[in-house]
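For the sequence shown, the UniProt record's numbering begins at 1 and goes up steadily by one. Backbone N, C-alpha and C fix where the C-beta goes; we use that ideal spot for every residue, glycine too. Please read these numbers as outputs of a predicted model, since none were measured by experiment. Note sheet for the following structure.
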Amino acid sequence: MYAIRDRWVPAYIKHVFSAGMSSSQRVESNHAFFKRYLDRKCSLNDFFTRFSRAIAHQRHEELMAGHIDFHEKPRINTTFAIEKQMAGIYTKTIFLLFQAEFEKSSSYICKMMTSTNESRIYEVWRFDMEETNQRRRHLIYHVAEDLITCSCKHFEFEGYLCRHMLCWMRVEQVMLVPKKYIKERWTKNAKKNLIYATSHNLVAGQSILGRRGTLSQLTRELIDEASLTEARSKYLMEKIEVLKIEISGIDVEECTNKTLNRIKSRDEIVRVSDPEPVRTKGCGKRLKSGKEKSMSQSSRTCSFCHRIGHDRRKCPDLSILDNISTDL
């Protein structure tokens with residue numbers, strides 16, 4: 001049972017909105033993304049350069065996706081008002097997933113099983129359930145809250161309506177999706193309502209780096225919106241030129257010489273040195289060359305004359321004595 005926990009554990013967290021991601025999927029997707037730019041042979045300087053390049057590429061892809069969402073209309077396959085409504089609200093990626101569920105809902109049958117003053121229970125199944133081994137799903141409509149829930153928990157986990165709930169809406173002739181069934185997370189305007197936990201008040205004693213960070217955060221959304229089209233970009237550039245002239249005319253006498261010395265152009269070279277190499281604990285000895293081995297060998301000592309540099313076989317004194325004895 002424990003060995004197959006990856007199959008039964010997700011069943012207990014289906015009611016939690018996780019954007020369709022598992023607990024490890026987010027980490028694995030990040031690893032797969034950064035593996036395209038990084039490897040274990042990178043130095044520290046190279047790591048920062050490649051990491052910045054990866055983040056820049058990620059932001060570029062996000063801007064391109066935002067441009068597509070606002071300026072390209074997805075293809076609508078039916079004449080239902082629900083599909084047209086969600087095409088204008090959802091991003092293109094989520095709308096394609098919703099569209100697939102909406103098309104599959106036409107193959108399902110919805111039937112009310114019980115009804116009380118507090119709730120109604122519906123059963124939804126596919127018309128060819130016996131052939132496809134599809135299970136029956138149960139919908140509960142809460143009358144007081146005007147809320148429908150499905151036993152598959154697709155809406156709670158993924159964030160968009162499942163085929164069973166869409167089948168119920170078609171039977172009940174719900175022409176448009178109510179706002180409570182639309183997750184703000186998947187809409188085109190999801191980023192517009194973000195709140196940054198940063199004070200917009202520029203303190204007089206704040207450092208230049210702090211003021212720069214505050215201003216960058218305030219203008220980030222403006223730059224993202226302007227970069228989507230050429231007309232917006234041109235308009236913003238014209239306004240920036242006007243602001244540069246106006247800002248240059250503001251009195252800067254309150255700035256001290258120390259502060260003025262800080263205001264200079266900084267290149268974007270990474271000034272982080274590589275860490276000092278550390279000898280791995282327990283590693284083997286360094287391989288020596290032949291020259292080092294010969295130099296490290298102890299010098300030979302002659303056993304006859306007791307001089308260093310030769311042995312008894314090559315001793316010059318012994319060879320002289322041998323020659324004398326031969327002559328005699």
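query	result
Those residues which DSSP pairs with L139 across a bridge	Y122, C150
Residue range of the beta strand (DSSP E) that includes Y108	108–115
Cα-Cα separation between T114 and P74, rounded to whole angstroms	39 Å
Per-residue DSSP class, three states only, for T187	strand
Per-residue burial, V242 [other beta carbons within 10 Å of its own, 16 or more giving buried]	exposed
C-beta atoms of Y122 and Y108 nearer than 8 Å	no
CA-to-CA distance, E145 to F95, given in whole angstroms	27 Å
T301 (DSSP reduced to helix, strand or coil)	strand
Contact the segment 55–67 vs the segment 147–167: 3+ CB pairs below 8 Å	no
With 16 other Cβ atoms within 10 Å as the buried cut-off, status of Q99	buried
Three-state class that DSSP yields for I308 in the structure shown	strand
Opposing strand residues paired with Y90 [DSSP bridges]	T187
Option in H67, A81, A65 with minimal Cα separation from L176	A81
Local conformation of K41 per DSSP, three classes	coil
Buried or exposed (CB count within 10 angstroms, at least 16 for buried), I148	buried
Pairwise C-alpha distance: F34 and K92	25 Å
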